Each structure stands twice: as C-alpha cells, then as structure tokens.
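Below you'll find the structure, written out as structure tokens, and then a few comments.
Residue numbers (the numbering used here): 1173 to 1359.
In structure tokens, the structure reads:
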C-alpha cells in the first residue's frame, strides 16, 4: 500500500474528510478547519514527506506557492510524489493565528489527529524533511514535533537552517538549496 493509500485508510478510520483530485488527496477535519495531510503523486517511487508549520489554502484540487516549491524539491530528489503535513493542522495563511498561550489554544491549533498522523508518517517514511522556520520554536511546538518524529523512527532532514538553527521553511529558498540531515537542538 502506498503512503497516500495508508493516509486515506487512516483518515477513513477516523471519519475524516478525504478530498480526491487527479493524483492528489487532502485530509480535512470537521468543517475543513484543519488539514492533516496533502498528497501529490506524479510517478513511481517513494513520496517525500514534509512537515512544515501550518497549512494554508491548498487542497486536493488547488496548489499554493508552498506546494509548488515542495513539488520542485521532491522532483529534484527523484521522488514519485510528496506528502505534506504540519506541526499545526489549523488552516491559515498567517502563522500569527497559532495562539498557543494556553493548553486549550495549543490543542485547537495542533488538531485532534495531528500527532497521530505525524507518528504514522515517521514510521512509514523513515525520512522526514522538516521546515517550520523560527515560528516553530517561537510557538513552543518544534521540540515536541522533533521528539515525536524521532521517537517514531524518523531521520530528520532540512533544506537549510536559520541562524538560530531552526529548519528553514522551503517557500523562499533557492531551487538549489541542499538537503542535509537535521539534528534537533539538544540531541
């Protein structure tokens, strides 16, 4: 079973909404407030797995600039597709909505099923490319996601790091940005 098929089965077991498009899927929570996964498949082979900050408006039927950039990186690395998940599952074009000052706010922005999906991706893919930029640490989520992914068996990669050591978000990186191993701070 391919990784997108595993994600679709996982979503069905949780009564989540799965939207299908040509070579694409998107998994949403109730009322599409959260997007847990987005997949694209264009050929045979493995799917590159990316974990970024939070989803914007891309769907199974519509790309956004970040998804187009991820597709270029995944194709460059000779993958047959990609899976995109995020540290926070709440959909927004601005990270400023990721209010995590209280446990309830953190739970609402992360999403009920997000950590479970991240564990599945780490176990099944083995290699995960992370890229939440400085926002991940600022919002107190990066360390938890790094621990969750590595404890589930993932080797972490990044397309560069910020001056503070956070994995860079791929949107504004050069197409030639090298993929390198990422070691969480304190590991």
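Using N, Cα and C, we set each Cβ at its ideal position, and we do this for glycine too.
All values derive from a computational prediction rather than experimental measurement.
Review point. Can you name, in chain order, every residue of its own chain whose Cβ lies under 7 Å from the Cβ of residue 1293, other than the five neighbours on each side?
Key: 1221, 1255, 1257 and 1300
Point to revise | Close Cβ partners of residue 1313 (< 6 Å) along its chain, the five nearest in sequence each way excluded | key: 1259
Practice item. Taking all protein chains shown into account, decide if residue 1205 is buried (16 or more other Cβ within 10 angstroms of its Cβ) or exposed. Key: exposed
Practice item. Step through the CB atoms of chain B and report whether any lies within less than 8 Å of the CB of residue 1248. Key: Of the protein chains in this structure there is only one, and it is not chain B.
Exercise for review: Compare the beta carbon distance of residue 1224 and residue 1341 with 8 Å and say whether it is the shorter of the two.
Suggested key: yes
Check your understanding: For the segment 1326-1335 against the segment 1224-1238, are there 3 or more C-beta pairs whose distance is under 8 Å?
Key -> no
Exercise for review: Indicate the three-state DSSP secondary structure (helix, strand or coil) for residue 1286 in the structure shown.
Suggested key: helix
Point to revise | For residue 1255, the first and last residue of its enclosing beta strand (DSSP E) | key: 1253-1258
Point to revise | Cβ-based burial, residue 1277 [other Cβ within 10 Å; buried from 16] | key: exposed
Check your understanding: Between the C-alpha atoms of residue 1249 and residue 1322, what's the straight-line distance to the nearest angstrom?
Key -> 22 Å
Point to revise | Residue of 1273, 1281 and 1274 minimising C-alpha distance to residue 1266 | key: 1281
Practice item. Please work out which residues of its chain come closer than 8 Å, Cβ to Cβ, to residue 1216, disregarding the five sequence neighbours upstream and downstream, and give them in chain order. Key: 1252
**Study point:** residue 1281 in three-state terms, based on DSSP
**Key:** helix
Check your understanding: Just how far apart, CA to CA, sit residue 1218 and residue 1244?
Key -> 15 Å
Check your understanding: Could you check where the beta strand (DSSP E) with residue 1191 kicks off and where it finishes?
Key -> 1189-1193
Exercise for review: Under 6 Å Cβ to Cβ from residue 1200, same chain only, skipping five residues before and after it: list those, please.
Suggested key: 1189 and 1207
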